[in-house]
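J.: Take this structure, written in structure tokens, and hold onto it; I'll ask about it next.
In full-length UniProt numbering, the protein residues as written are 1 to 132.
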């Protein structure tokens, strides 16, 4: 088992290490060690969509880190639909429907998860007209 505290920022990881480092980030996120995941992330020279999304999932679990999650999203070179859906579900979960709707409107390719997130959120708020 690799512990995140053993992976400090001065260590710089190469392109061929993306897959194992993504696994470490995901493991840190699952265990709630977001700061450990960030240490690994910041030590990586190359990142792929899985890297960004794994960290985004972790940060977005904490309502007090929503601003940080959105900043991270804004740094993603090429966010995919899953990236957008992570932020969208965070806004809905936090009850910020104005931001959720605005963000939803910006999603270039909406999938069933995008639509379901908005519909479910409106339904939970008993805003059935908007849910339709």
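Here a beta-carbon is modelled for each residue, glycine too, at the ideal position from N, C-alpha and C.
Kindly indicate which residue of 45, 17, 50 and 46 has the alpha-carbon position closest to the one of residue 29.
T.: Closest option to residue 29, Cα to Cα, is 50.
J.: Only counting the same chain, and skipping five residues up and downstream in sequence, which positions put a Cβ closer than 8 Å to that of residue 94?
T.: 63 and 66
J.: Start and end of the alpha helix (DSSP H) containing residue 34?
T.: 34-43
J.: Mind pulling the alpha helix (DSSP H) runs of 4 or more residues that sit fully within the UniProt repeat "PPR" (80-114)?
T.: 81-93 and 97-106
J.: Looking at residue 40 and residue 59, is the spacing between their C-beta atoms short of 8 Å?
T.: no
J.: Three-state secondary structure (DSSP) at residue 46?
T.: coil
J.: What residue does the alpha helix (DSSP H) around residue 71 start on, and which one ends it?
T.: Residues 66-75.
J.: The alpha helix (DSSP H) spanning residue 27 covers which residue range?
T.: 18-30
J.: Under 8 Å by Cβ, that's how I've got residue 31 and residue 81 pegged, so tell me the actual separation to the nearest angstrom.
T.: Your pair residue 31 and residue 81 does not check out as a contact, with CB atoms roughly 27 Å apart and the cut at 8 Å.
J.: So, helix, strand or coil for residue 62, using DSSP?
T.: coil
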